[in-house]
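Written out below as structure tokens is the structure these notes cover.
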Amino acid sequence: MAILSSHHPSAIAFGILGNMISFCVYLAPVPTFYRIYKKKSTESFQSVPYQVALFSSMLWLYYALQKPDDTFLLITINSFGCVIETFYITMYITYAPNHQRVSAMKLFAALNVLLFSSILLLAQFLLNPSHRIPVLGWICVAISVAVFAAPLSIVAQVVRTKSVEFMPFTLSFFLTLSAIMWFSYGLLQKDICVAIPNVLGFMLGMIQMVLYAIYRQNDNKKLPEPLKSIVVLGNSEVHPVQIQLHEESVNDQEKIEQLAVSLEIKKSKEANSDHNDV
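Add 1 to a position in the sequence shown, counting from 1, and you land on the number used in my numbering.
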């Protein structure tokens, strides 16, 4: 069977655009890992987003390979996701301190080796093909929906701090576009498991852009609370994005507070001295 021969003509266009956008979003953490490479340290960054992204990509790839119809466009983007996330995790383990390295390796073994292998073996040997595909599909949907907790925490952060500094408009815009492309692809291909998560992805993307329009003028008025990492759901994969904290701003604030306390102590001593003289 020729590649893409079973696709609806419009589905091919949406799938190709979805691949292109998702490819770019997958590369979003590159600056983070360039920083890790230059400093030879993972600092306060975490491996969890990349571990989850790899797990999701492997599951979607396995799901796509099990389907009898042509899923070339799902296979390409999730194959790339598996490769790039493995690269990120390898770099993290290479430059992480011993305790973080051990934690990352344990999580990798538990999530991406043990749990994925268990799902694969159970699906492959206990489920017949007619049941295997829908079960795998709904597992993928459940995982995709579950990771919405992370970007929702960023939305709450924006509302609380009235600052969009840690919610870049460009990323929100392209994730919304990605959700539209993959929802359309899933709808035209009659694949509800691909379409459903992207309804939530579109809604979340729109909420983020509306909040950006509301709070962008307040960006320099109030610093947000420190954050370490987020996971954003773009289509049938999760995309991790690390955020650099404003450590210098926090340190400056601490210095100001310490100076204020010192001045208060000094004034108190001077007042006591004047009282004793009298």
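Quick reminder that beta carbons are idealized off the backbone N, C-alpha and C, glycines included.
Exercise. Ignoring anything shorter than 3 residues or poking outside the region 190-223, list the beta strand (DSSP E) runs there in chain order.
Key: With a minimum length of 3 residues, no continuous beta strand (DSSP E) run stays inside the region 190-223.
Exercise. Since I believe T33 is in contact with A97 (beta carbons under 8 Å), could you give me their beta-carbon distance rounded to a whole number of angstroms?
Key: So it is not a contact: roughly 13 Å between Cβ atoms.
Quiz item: Would you call Q190 buried or exposed, if buried means 16 or more other Cβ atoms sit within 10 Å of its Cβ?
Solution: So Q190 counts as buried.
Exercise. Could you check which residue in S179, F24, T171, N113 has the C-alpha nearest to that of A214?
Key: Closest by C-alpha distance to A214, out of S179, F24, T171, N113, is T171.
Exercise. Look at the alpha carbon of A124 and the alpha carbon of S80, and state the distance between them as a whole number of angstroms.
Key: It is roughly 20 Å from the alpha-carbon of A124 to the alpha-carbon of S80.
Quiz prompt | Expected contact under 8 Å - CB spacing of L205 and V159 to nearest Å | solution = Between L205 and V159, the beta carbon gap of about 12 Å keeps them out of contact (Cβ cut-off 8 Å).
Exercise. Reducing DSSP to helix, strand and coil, say where N20 ends up.
Key: Here N20 carries a helix assignment [DSSP, helix/strand/coil].
Exercise. Take the Cβ of Y35 as the centre, count every other Cβ of all protein chains shown within 10 Å, and call the residue buried at 16 or more, exposed below.
Key: The residue in question, Y35, is exposed, as its Cβ has fewer than 16 Cβ neighbours within 10 Å.
Practice problem: Can you give me the Cβ contacts of L66 inside the same chain, cut-off strictly under 8 Å, excluding the 5 residues immediately before and after it? | Solution: Here the set comprises T72, I76.
Exercise. Quick one: which unbroken alpha helix (DSSP H) runs of 4-plus residues sit fully inside the region 115-199? Chain order, please.
Key: Counting whole runs of 4 or more residues, the region 115-199 contains the alpha helix (DSSP H) stretches 117-127, 130-147, 150-162, 170-189.
Quiz item: Ordered along the chain, which non-local residues of its own chain (more than five positions away) have a Cβ less than 7 Å from that of Q101?
Solution: Around Q101: T43.
Quiz item: Any idea what DSSP makes of P50, helix, strand or coil?
Solution: Of the three classes helix, strand and coil, the one that applies to P50 here is helix, per DSSP.
Quiz item: Where does V232 land, buried or exposed, given buried means 16+ other C-beta within 10 angstroms?
Solution: With a pLDDT of 48 at V232, under the threshold of 50, the predicted position of this residue should be treated as unreliable, and no value is reported.
Exercise. Classify A105 as helix, strand or coil using the three-state DSSP reduction.
Key: Reduced to three states, the DSSP call for A105 is helix.
Quiz item: Considering only the beta carbon of each residue, do S164 and I78 sit closer than 8 Å?
Solution: With a cutoff of 8 Å on beta-carbon distance, S164 and I78 are scored as not near each other.
Practice problem: Return yes when the Cβ of E86 is within less than 8 Å of the Cβ of A110, no when it is not. | Solution: Against a cut-off of 8 Å, the Cβ pair of E86 and A110 comes out as no contact.
Quiz item: Should V103 go down as buried or exposed, given a rule of 16 or more other Cβ atoms within 10 Å for buried?
Solution: Exposed: under 16 other Cβ atoms inside 10 Å.
Practice problem: Using beta-carbon positions only, say whether S57 and S145 come within less than 8 Å of one another. | Solution: Yes, the pair counts as a contact, with Cβ atoms nearer than the cut-off.
Exercise. In the DSSP assignment, find the alpha helix (DSSP H) that holds P32 and state where it starts and stops.
Key: Annotation for P32: the continuous alpha helix (DSSP H) segment containing it runs 31-40.
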